[in-house]
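Read through the structure below, which is laid out as structure tokens, and then see the notes.
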Amino acid sequence: NSPEPFASIASIVEALPGTALVGAGTVLTAADVDALHKAGGRLLVSPNIDADVMGRAMHYGMVTMPGVFTPTEAFQAIKLGASALKFFPASVLGAAGISA
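The opening residue of the sequence shown carries number 10 in the working numbering; numbering runs sequentially from there.
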């Protein structure tokens, strides 16, 4: 957790050009996605499914991992183009919950 996350992301991208998938977590708004893109980030993790966030990320071709808990949320995220899903809190779901 950096006090200047987008500056930190830009520094990492500059130090590792093309060799690392750099991104941000807790991305909540389309403006956050814009700032992440401007910093050179290509990956975002969010605690929820937000159509504006997902749409903007898809526009930039980013890897997206929205947070989901229920099957309904998982299918909504997939429908919006999620690259992967962040099951949270996974400890509550357990392996049986995820495999269902």
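Every residue, glycine too, gets a C-beta built ideally from N, C-alpha and C.
Less than 6 Å between C-beta atoms, sequence neighbours within five positions excluded: which residues of the same chain meet that for residue i?
| i | result |
| --- | --- |
| S17 | S11 |
| V22 | V31, G49 |
| A91 | T73, P75 |
Taking the alpha helix (DSSP H) that residue i falls in, what are its first and last residues?
| i | result |
| --- | --- |
| M71 | Premise fails: M71 is in no alpha helix (DSSP H) and is neither H nor E. |
| P14 | 14-24 |
| S108 | 99-108 |
| F84 | 80-88 |
In the DSSP output, what is residue i paired with across the bridge?
| i | result |
| --- | --- |
| G32 | L52 |
| V42 | DSSP output for V42 lists no bridge partner at all. |
| K95 | G76 |
Measure the Cβ-Cβ separation of residue i and residue j and say whether it is below 8 Å.
| i | j | result |
| --- | --- | --- |
| T35 | S55 | yes |
| R65 | A39 | yes |
Would you please state the rounded distance, in angstroms, between the beta carbons of residue i and residue j? I believe it to be under 8 Å.
| i | j | result |
| --- | --- | --- |
| V77 | L53 | At roughly 15 Å, the Cβ-Cβ gap does not stay under 8 Å, so V77 and L53 are not in contact. |
| Q85 | I58 | 5 Å |
| L25 | A33 | Not a contact, Cβ separation roughly 15 Å. |
| P75 | M63 | 7 Å |
| V42 | Y69 | 7 Å |
Apart from the five residues on each side of it in sequence, which residues of its chain come closer than 8 Å, Cβ to Cβ, to residue i?
| i | result |
| --- | --- |
| A60 | L89 |
| A99 | I107 |
Ordered along the chain, which non-local residues of its own chain (more than five positions away) have a Cβ less than 7 Å from that of residue i?
| i | result |
| --- | --- |
| E82 | I58 |
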